[in-house]
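Colleague: Handing you this structure, nothing more for now.
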Amino acid sequence: MFVVKFLHVLGMVVYVGGFLALTRLVGKAVLFETEASRADSYRTFRRMHMFADWGGLAIMLVTGLILFISDPWDKDYLKQGYFHMKLTFVILLLVCDILFTRKLFFQMRPDGPQPKKAFFAALHGIAALLVVGAIFAIYVMGEGGASNV
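Residue numbering for the sequence shown follows numbering that gives the first Met the number 0, beginning at 0 and increasing consecutively.
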């Protein structure tokens, strides 16, 4: 089960790192002046999001489900407050990802009006806070923190 937990954390790092990087990069790319440079950038960002981010997300969700169902360390996750807190932050992060994906795949075109940089900056900040909250829930309140004192 150590390997599954390792893959869960690795998937989280790949997904969150890629998502935070993309929200930052897309916020800069909407300011590009030429349509050709925006078109190249948007195509690259879509590929990065589909393969790297969603790959990390798939690994994170599948291994998280395996850990939840098997409960290898008898944590009884559904009775732990920190686990509910972590899941809330993860679900809110997925909502941010859905908003980003809708904007990236369906609303961003190299020609015409560009979305505001402020949307991506806000999404970047909210996602970062949600990740910090999830880490806080697990490692401070949960497995390594107050519940084990």
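Ideal placement from N, C-alpha and C gives every residue a C-beta, glycine not left out.
#1: Please report the residue range of the alpha helix (DSSP H) in which Q85 lies.
#2: Could you check what DSSP says for F5 in three-state terms: helix, strand or coil?
#3: Pop quiz: G17 and A51 are said to be a contact at Cβ under 8 Å. What is the actual Cβ separation, rounded to whole angstroms?
#4: Whose C-alpha, out of V89, V12 and G10, is nearest the C-alpha of A136?
#5: Which word fits M0, buried or exposed, when buried means at least 16 other C-beta atoms lie within 10 angstroms of its C-beta?
#6: If you reduce the DSSP assignment to three classes, tell me which class G149 lands in.
#7: Among L122, L60 and M107, whose alpha-carbon lies nearest the alpha-carbon of V8?
#8: Using three-state DSSP, classify M0 as helix, strand or coil.
#9: To the nearest angstrom, how far is the alpha carbon of D110 from that of R46?
#10: Which whole-angstrom value is the C-beta distance of K4 and L66, which I expect to be below 8 Å?
#11: Closest to W53 by C-alpha separation, out of V139, F82 and F99, would be which residue?
#12: What is the DSSP secondary structure of T43, reduced to helix, strand or coil?
#13: Could you compute how far the alpha carbon of R101 sits from the alpha carbon of A127?
#14: Under the three-state reduction of DSSP, which class applies to Q106: helix, strand or coil?
#15: In whole angstroms, what separates the C-alpha of D70 from that of D39?
Modeller: For this structure:
#1: Here the question's residue 85 lines up with position 86 in the sequence shown. Just to set this straight, residue 85 is Lys in the shown sequence, not Gln. Here the alpha helix (DSSP H) through K85 covers G80 to R101.
#2: Taking the sequence shown and counting its residues from 1, the one referred to as residue 5 is at position 6. DSSP places F5 in helix when its eight states are reduced to three.
#3: The count along the sequence shown starts at 1 and reaches residue 17 at position 18. The count along the sequence shown starts at 1 and reaches residue 51 at position 52. G17 to A51, Cβ: 5 Å. Contact.
#4: Position 137 of the sequence shown, counted from the first residue, corresponds to residue 136. With distances taken between Cα atoms, A136 lies closest to V89.
#5: Counting from one through the sequence shown, the residue named residue 0 turns up at place 1. Answer is exposed; the Cβ neighbour count stays below 16.
#6: No answer is possible for residue 149: the residues shown for the chain start at 0 and end at 148.
#7: Taking the first residue of the sequence shown as position 1, residue 8 is located at position 9. Checking every option, the nearest Cα to that of V8 belongs to L60.
#8: Looking up residue 0 in the sequence shown gives position 1. Coil.
#9: Walking along the sequence shown from the start, residue 110 turns up at place 111. Walking along the sequence shown from the start, residue 46 turns up at place 47. For D110 and R46, the distance between alpha carbons rounds to 19 Å.
#10: Your numbering for residue 4 matches position 5 in the sequence shown. Your numbering for residue 66 matches position 67 in the sequence shown. Yes, they are in contact, since the Cβ atoms of K4 and L66 sit about 6 Å apart, within 8 Å.
#11: Taking the first residue of the sequence shown as position 1, residue 53 is located at position 54. Per the Cα distances, F99.
#12: On the sequence shown, position 44 is the one that residue 43 refers to. T43 falls in the helix class under three-state DSSP.
#13: Mapped onto the sequence shown, residue 101 falls at position 102. Mapped onto the sequence shown, residue 127 falls at position 128. Each residue's alpha carbon lies about 19 Å from the other.
#14: Reading the sequence shown from its first residue, position 107 is the one you call residue 106. Correct three-state label for Q106: helix.
#15: Taking the sequence shown and counting its residues from 1, the one referred to as residue 70 is at position 71. Taking the sequence shown and counting its residues from 1, the one referred to as residue 39 is at position 40. Approximately 45 Å, taken between the alpha carbons.
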